[in-house]
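This report refers to the structure that appears directly beneath it.
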Amino acid sequence: MLLWFAGGSIVVVWIVFHSANLDYRLIVAGAALPVFEAFSGHDLVLHTLAAPVVVMLVVMVATRTRRTVRRQWLCLPIGMFVHLLLDGVWTRSH
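Letter 24 of the sequence shown, counting from 1, is numbered 41 in this note's numbering, and no numbers are missing.
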């Protein structure tokens, strides 16, 4: 399961962005982060759309004056969004 999200996130981000300047380590970390929540047996906060939005807001506010750091750390919420896409959370109504 972890390999699905790690490999899938790299492929999806490469297809969408076509950029070698992205930090794929943070993309994989963001995509794998909700997997560890699944060990509790429930899909809680990290499997909602609110979690990557909050992480993105924190990154944007924390890196207000440092553009290169912002570009690097935005890969984390991008990976979290890709996890939701690969998990198919929009196909479940409850």
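The beta-carbon is built from N, C-alpha and C at its ideal position, and this holds for glycine as well.
- For Thr82, the secondary structure class from DSSP, reduced to helix, strand or coil, is coil.
- In the displayed model, Phe56 falls within coil according to three-state DSSP, outside both helix and strand.
- Looking only at Asp40, Gln89, Leu101, Leu19, the smallest Cα-Cα distance to Leu63 is reached by Leu101.
- Runs of the alpha helix (DSSP H) spanning 4 or more residues and lying entirely within the stretch 18 to 54 occur at 19 to 34, in chain order.
- Residues of the same chain with a CB within less than 8 Å of the CB of Ala46, apart from the 5 flanking positions on each side, are Leu93, Gly96 in chain order.
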